[in-house]
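Structure, as structure tokens:
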Amino acid sequence: MAVDPKLLELLVCPVTKTALRYDAAKGELISDTAGLAFPIRDGVPVMIASEARHLEERERAQSK
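What the sequence shown shows, in my numbering, is residues 4 to 67, in sequence order.
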């Protein structure tokens, strides 16, 4: 299920307050600054740091 594009424009990383990028293939919102990936469940972004997964080094390198 896709996330509303208008919602994506408003959301920021809850840890760093920086912009997020949407990874549709993985269904996640990515904070490159924090190195975290926030899951999207049933079209709703879960913006809780303890629910986020840490990005692997190769994932962080790909975003640059």
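For every residue, glycine included, the Cβ atom is placed at its ideal position computed from N, Cα and C. Because the structure is a prediction, the values reported are computed rather than measured.
Terminal residues of the alpha helix (DSSP H) in which residue i lies
i: Leu-23; result: Note, Leu-23: premise wrong, no alpha helix (DSSP H); not H, not E.
i: Pro-17; result: Pro-17 -> no alpha helix (DSSP H), and no H or E assigned at all.
Closest residue to residue i among the options (Cα-Cα distance)
i: Leu-32; options: Asp-45, Leu-11, Thr-19; result: Leu-11
i: Asp-7; options: Glu-62, Ile-43, Ala-28, Ser-53; result: Ile-43
i: Lys-9; options: Glu-62, Gly-38, Asp-35, Gly-46; result: Gly-46
i: Arg-61; options: Cys-16, Asp-35, Ala-28, Val-18; result: Asp-35
Contact check, residue i vs residue j, beta carbons under 8 Å
i: Ala-40; j: Arg-56; result: yes
i: Pro-48; j: Leu-13; result: no
i: Ala-37; j: Thr-19; result: yes
Where residue i sits in the DSSP three-state scheme
i: Ala-55; result: coil
Beta strand (DSSP E) segment containing residue i, residue limits
i: Pro-40; result: A small correction: the amino acid at residue 40 is Ala; Pro does not occupy that position in the sequence shown. 39–44 is the span of the beta strand (DSSP E), which, as asked, contains Ala-40.
Beta-bridge partners of residue i, as assigned by DSSP
i: Pro-48; result: Ile-43
i: Leu-10; result: Paired residue(s): none; Leu-10 is not in a bridge.
i: Glu-31; result: Asp-26, Pro-42
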